[in-house]
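In full-length UniProt numbering, the protein residues as written are 1 to 234.
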């Protein structure tokens, strides 16, 4: 599916939960808005979509980078120079949310979760920087430029690869993580660019396990946002 916001197209892919007929305006099912990494297709996160639909989510995977767009800069002040890209991505997500909310009224568009890989994670974190109440939770896969939210809401899970470091201030300190309940899960041996469908089955399994641990309600008290343990592919 392709949406159009003014003159800009926004390709998306929808993945529905198996029980979508039970999602109604009086009993809405949750929504996950997934942002692809730079240079990666929005279709390359089907393993995450499958995991999330299994938890009852409607998944919308968004393509932010289009043919003809200027390359993402790696020169100079990267934070300053990439800000327009993140702002445009945040606007894309808002538009997708607004457009689909009227078409799929059986889903909870007012409290989505944001999921993003690499630059898609930076876009998701930027959106929370602009609108702190937009999402109930944010999950990033190795975003490296935009600081993760500091606060008790939205809840934060960041799954980290081991071949690149995040810029200073992107990740919370140990004290901040403890204070706000931020979940940082490192997968030793994981490569940044492999955190998508082309990654190994072992890596994808660890990613989805961390996501499901975070989102699945506890069997004892029904609470969400448990933190998986860091691990290794070795």
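The beta carbon of each residue, even a glycine, is placed where N, CA and C say it ideally should be.
Keep in mind the model is a prediction, meaning the values are calculated, not measured.
query, result
"Pairing CB atoms from the segment 63 to 70 with CB atoms from the segment 147 to 159, are three or more of them under 8 Å?", "no"
"According to DSSP, which residues form a beta bridge with residue 114?", "33 and 138"
"So, does the segment 36 to 51 touch the segment 98 to 111, judging by three or more C-beta pairs under 8 Å?", "no"
"What's the C-alpha gap between residue 24 and residue 135?", "20 Å"
"So, with DSSP's three-state summary, where would you put residue 214?", "helix"
"Considering just the uninterrupted stretch of the alpha helix (DSSP H) at residue 58, what are its terminal residues?", "No alpha helix (DSSP H) contains residue 58, which is instead part of the beta strand (DSSP E) from 58 to 62."
"Just verifying my parser: in three-state terms, what is the DSSP assignment at residue 148?", "coil"
"Between the C-alpha atoms of residue 15 and residue 41, what's the straight-line distance to the nearest angstrom?", "15 Å"
"Between 112, 116, 117 and 126, which lies nearest to residue 87 when the distance is taken from Cα to Cα?", "126"
"Since residue 241 is in the alpha helix (DSSP H), which residue starts that stretch and which ends it?", "This structure cannot settle anything about residue 241, because the visible part of the chain is limited to 1 through 234."
"Quick check on DSSP: helix, strand or coil for residue 13?", "strand"
"For residue 158, name the three-state secondary structure that DSSP assigns.", "strand"
"Three or more C-beta pairs under 8 Å: does that hold for the segment 180 to 187 against the segment 156 to 166?", "yes"
"For a test of the three-state rule: what should DSSP assign to residue 164, helix, strand or coil?", "coil"
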